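Add 3 to the 1-based position in the sequence shown for our numbering, that's all there is to it.
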Amino acid sequence: MKSGEGFSIEVQETSAAAKGKAPLIPAPLPPPRPEGWGKGIAILDLILRICAVVATLASTAAMGTSEETLPFFTQFFQFQASYDDLPTLQFFVIAMALVGGYLVLSIPFSIVTIIRPRAVGPRFLLLILDTVALTLATSAGAAAAAIVYLAHNGNLNTNWLAICQQFGDFCQKVSGSVVGSFIAVVLLMVLVVLSAMALRRI
């Protein structure tokens with residue numbers, strides 16, 4: 004190299020720069036979602052599911068044992084009130100027994116969601132079946148509530164007499180059973196919402 008002469012370093016252009024395009028930068032991966040939130044929902048789901056089992060089975064037992072006979076008549080002529088005298092209350096007992104049985108069978112699936120909070124299959128199955136159980140419990144509770152209202156207040160237009168003044172124990176059991184069914188309905192609504200939230204977070 005002669006003195007006074009400059010030198011240059013050749014830099015090869017990359018193909019992306021030659022084309023006037025910036026090199027692609029991979030997008031950062033989203034941070035993994037913590038499993039503690041999903042496990043907390045699953046534990047709450049199990050607790051509410053057990054409470055719903057107690058409410059439905061207690062409601063079914065109260066309605067199934069609601070029977071009263073007025074004592075001041077002879078054995079040949081008695082007034083008696085029982086749940087199986089009305090098809091609506093029979094439907095209530097069957098429907099709530101089905102819902103209670105389903106809730107008992109769903110407990111193992113709820114335990115699986117605690118062990119595996121990111122499992123989609125069990126959570127999605129619980130969401131569908133809880134919705135069906137919610138519909139059945141709501142229809143049974145609403146139908147029985149209409150009968151309880153008539154038993155307490157009667158209906159003069161249809162000559163339906165209020166019988167709760169005579170059959171107090173019967174009406175008390177039936178009313179308590181309906182209240183228990185609506186508690187179960189509220190719990191099932193919360194279970195459906197929790198399942199939907201858990202699926203959204205997975």
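Quick reminder that beta carbons are idealized off the backbone N, C-alpha and C, glycines included.
Keep in mind the model is a prediction, meaning the values are calculated, not measured.
Item	Value
Scan the region 84-132 and note each continuous alpha helix (DSSP H) run of 4 residues or more that stays entirely inside, going in chain order.	90-118
Which value, in whole angstroms, describes the spacing of the CA atoms of residue 225 and residue 155?	The question about residue 225 has no answer here: the residues shown for the chain are numbered 4 through 205.
With DSSP collapsed to three states, give me the class of residue 162.	coil
Buried or exposed: which applies to residue 99, given that a residue is buried once 16 or more other Cβ atoms fall within 10 Å of its Cβ?	buried
Hey, residue 84 and residue 166 are a contact pair by Cβ (cut 8 Å); roughly how many whole angstroms apart?	6 Å
Apart from the five residues just before and just after residue 153, which ones in its own chain have a Cβ nearer than 7 Å to its Cβ?	163
Have a look at residue 193 and residue 102 and give me their C-alpha separation to the nearest angstrom.	15 Å
Cβ of residue 187 within 7 Å of Cβ of residue 44?	no
Looking only at C-alpha atoms, which of 95, 111, 170 and 138 sits nearest to residue 190?	138
Mark residue 92 as exposed unless 16 or more other C-beta atoms lie within 10 angstroms of its C-beta, in which case mark it buried.	buried
If contacts are defined as beta-carbon pairs under 8 Å, then residue 109 and residue 176 qualify, I think. What distance do you get, rounded to the angstrom?	That pair is no contact at about 27 Å.
Measure the beta-carbon distance from residue 146 to residue 185 and round it to whole angstroms, keeping in mind my assumption that it falls under 8 Å.	The pair is not a contact, with the Cβ atoms about 12 Å apart (cut-off 8 Å).
Where do the ends of the alpha helix (DSSP H) carrying residue 174 lie?	171-204
Pull up the distance between the alpha-carbon of residue 203 and that of residue 48, whole angstroms please.	15 Å
For the candidate residues 112, 150 and 61, whose alpha-carbon lies nearest to that of residue 133?	112
When we look at the beta-carbon of residue 120 and count the other beta-carbons within 10 Å, is it buried (16 or more) or exposed?	buried
Round the Cβ separation of residue 50 and residue 117 to the nearest angstrom and send it over; I've been treating them as touching at under 8 Å.	Residue 50 to residue 117, Cβ: 11 Å. No contact.
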